[in-house]
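In terms of numbering that gives the first Met the number 0, the sequence shown has 28 at position 29, counting the first letter as 1, and numbering is strictly consecutive. Positions of the beta carbon are idealized from the N, C-alpha and C atoms, including for glycine. Taking it in order: structure first as C-alpha cells, then the write-up.
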Amino acid sequence: MATCDVCGEYENLPYQCKRCGQTFCAEHRLPENHNCPG
Numbered sequence: 000m001a002t003c004d005v006c007g008e009y010e011n012l013p014y015q016c017k018r019c020g021q022t023f024c025a026e027h028r029l030p031e032n033h034n035c036p037g
C-alpha cells in the first residue's frame, strides 16, 4: 500500500505520474492536480 505524495492518503491502487515519478491518489493523479513540475 502506498500513500499520496500530496495528501498522504493510503491507496490500494496508487497512480505514479509518468512526468515526475511521484505517487498519488485518484484525486491528485492528474498533473494539474498535483502541481507537476514535469
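Bridge partners - residue i, DSSP secondary structure assignment
i, result
"Glu-15", "This sequence places Gln at residue 15; Glu is not what is there. In DSSP, Gln-15 forms a bridge with Thr-22."
"Glu-10", "Ala-1"
Rounded C-alpha distance that separates residue i from residue j
i, j, result
"Ala-25", "Tyr-14", "7 Å"
"Pro-30", "Asp-4", "13 Å"
"Thr-2", "Cys-35", "17 Å"
"Gly-20", "Cys-6", "16 Å"
"Arg-28", "Arg-18", "11 Å"
Closest Cα partner of residue i within the set the options
i, options, result
"Asn-11", "Asn-34, Thr-22 and Asn-32", "Thr-22"
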